[in-house]
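Numbering (full-length UniProt numbering), first residue to last: 1 to 426.
Yeah, the Cβ is synthetic: ideal placement off N, Cα and C, and Gly gets one too.
As the structure is a computational prediction, the values presented were derived from the model and not from experiment.
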DNA sequence: TTAGGGTTAG
C-alpha cells in the first residue's frame with residue numbers, strides 16, 4: 001500500500017499486521033450512530049461530522065466511523081475525500097478489515113477510478129467472494145462488461161464460488177454486451193442452485209439480460225415463473241416488449257399491473273404498502289411502447305395519467321419520449337409546440353429528434369430551427385449539419401446547401417475515425 | 001453499527 005499512497009507512512013508491515021480486537025467495538029458509539037443515520041438522509045453531513053471528529057477527538061474514530069465515511073464518499077462520488085479516508089484507514093491500522101477494503105473498492109468504482117479499485121483488490125491477501133464481486137461490479141459500472149466477464153472466469157479458476165450477487169452483476173455485464181450465449185451460460189449455473197430462484201434481484205437481472213439480448217420469449221418465461229414480483233420486474237418486462245416492437249403486449253402488461261393494484265387495494269383496504277405503484281421509469285417503457293407502435297393518442301393519455309393520476313413529475317426522458325412519438329408520426333408542428341411549452345430546457349437529443357424527423361418528412365424550416373437550437377446549445381455535431389444539408393439537397397435548395405457546406409468547412413476540421421480493438425478470451 | 005446486486009427515451 002506504500003506504493004499506492006506513497007505520501008503516507010505505512011504504520012505496520014504486512015508481516016506484523018495488527019490484530020483488530022472487534023470485542024472492543026461491540027458497543028456502538030453515539031457518534032457512529034449519527035454518522036450512520038446521516039448516511040441515509042444527508043451523506044455530506046456524515047463527512048462534515050467526521051472531519052469535526054478528526055479535529056476534536058481522533059481517538060473516537062474507529063473502523064465503523066471510517067466505513068460510514070467511505071460509504072458517504074461513494075454515494076456522493078467524492079474521489080478526493082474518499083482517497084483521504086483511505087489514507088486514514090492505513091494510518092490508523094485498519095487495513096486488515098476486509099469490510100473496509102471492499103467499501104474502498106466500491107468508492108473508487110463510483111468515482112470512476114478503476115485503476116485504484118484494482119490496486120486495492122490486488123493487495124487483499126485472502127480474497128473472498130465479496131472482493132471478487134466488487135471487482136466485477138466495478139468494471140460493469142464503468143462500462144467495461146467484457147473485462148467483467150473475464151474476471152468472473154478468473155474468480156471461478158481461483159476456486160471461489162460465485163453467489164447471488166456475483167451472478168446478478170455478471171448478468172448485468174452480459175446484458176450490456178448483448179451476449180446471449182454468456183447470459184445463457186450464467187443462467188445454467190444459477191439453475192444448479194434452486195434456492196437462488198427466490199432472490200428477486202437476481203431474477204430481475206435475468207429478465208433484463210434476456211430482454212437486452214433479444215430473447216423476449218425466454219424473458220417472459222423467467223418473468224412468469226417469478227412468484228412475487230416487484231416494480232422492477234414489471235418495468236423490465238414492459239420495456240422489453242416495447243424495445244421489441246410488441247407495444248400491445250407492453251400495454252397489456254401495464255393494464256394487468258393496474259388491475260392487480262385495484263384488486264389489492266380492495267383486499268388491503270387502503271394500505272398502499274402492498275401496491276406496486278408505477279414509477280417514472282415504468283412510464284418511460286409505456287411511452288416508448290406507444291412511440292414504437294405509433295399510438296399517439298394513447299401516448300398522450302398515458303403522459304397525462306402519469307402526471308395527474310400518479311403525481312409523477314415528468315423528466316427530460318419523458319418529454320423526449322413524447323417528442324419522439326409525435327415526430328415518428330410526422331406531427332412535426334405539434335412536436336415543435338410541445339418542445340416550446342416544456343417547463344424544462346430541451347436538450348440536444350430532443351432537438352436532434354426533431355431535426356431527424358424533419359429530414360424524413362421533408363420540413364426544411366423546422367430542420368433549420370432545430371439545427372440552430374443545437375448550435376446555441378453548443379451541442380451541434382457534424383452529422384446535424386449533414387442532415388440539414390441533405391434536406392436542402394432533397395428539396396433542390398442548392399444555394400442553401402452550398403452555403404451550409406461552406407460554413408461547415410470553415411468551422412470544422414476534417415473528421416477522423418477511431419476504432420477500439422478489444423479482445424475477449426473465450 | 002460493519003462489505004458487493006436488479007428497471008430508464010433518442
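For residue 306, the three-state secondary structure derived from DSSP is helix. If one requires a minimum length of 4 residues, the alpha helix (DSSP H) runs lying completely within the stretch 190–259 are 200–212, 216–225 and 231–243, in chain order. Collapsing the DSSP output to three states places residue 57 in coil. When DSSP states are grouped into helix, strand and coil, residue 155 belongs to the helix group. Taking C-beta atoms under 8 Å as the contact rule, residue 325 and residue 360 fail to qualify, at a distance of about 14 Å. Around residue 329, the same chain offers 294 and 296 as residues with beta carbons nearer than 7 Å, after the five sequence neighbours per side are excluded. In this structure, residue 169 places its C-beta atom within 7 Å of the C-beta atom of residue 136. Proximity to residue 89 across 327, 299, 68 and 283 peaks at 68, based on C-alpha coordinates.
With a cutoff of 7 Å on beta-carbon distance, residue 38 and residue 29 are scored as not near each other.
Three or more Cβ pairs closer than 8 Å define a contact, and the stretch 212–219 falls short of that threshold against the stretch 255–268. For the 7 Å CB-CB criterion, residue 323 and residue 341 do not form a contact. Measuring C-alpha to C-alpha distances from residue 231 to each of 278, 274 and 53 identifies 278 as the nearest.
Residue burial is scored here from C-beta neighbours: residue 80 has fewer than 16 other C-beta atoms within 10 angstroms and is therefore classed as exposed.
Only residues of its own chain outside the window of five on either side were considered, and among them 283 and 312 have a CB closer than 6 Å to the CB of residue 306, listed in chain order.
DSSP places residue 353 in the helix class (H, G or I) of the three-state scheme.
Exclusion of the five residues before and after residue 190 leaves 167 and 196 as the residues of its chain whose Cβ lies within less than 6 Å of its Cβ. With respect to the C-alpha of residue 345, the residue from 355, 332, 43 and 377 having the closest C-alpha is 377. Residue 100 places its beta carbon 7 Å or farther from that of residue 65.
Under the DSSP assignment, residue 143 falls outside any alpha helix (DSSP H); it carries neither an H nor an E label. The residue among 198, 206 and 51 with its C-alpha nearest the C-alpha of residue 173 is 206.
The distance from the Cβ of residue 209 to that of residue 171 is about 4 Å, consistent with a contact at the 8 Å cut-off. For the options 285, 193 and 343, the alpha carbon positioned closest to that of residue 247 is the one of 285. Annotated as distal: residue 60 and residue 54, with beta-carbon spacing of 7 Å or more.
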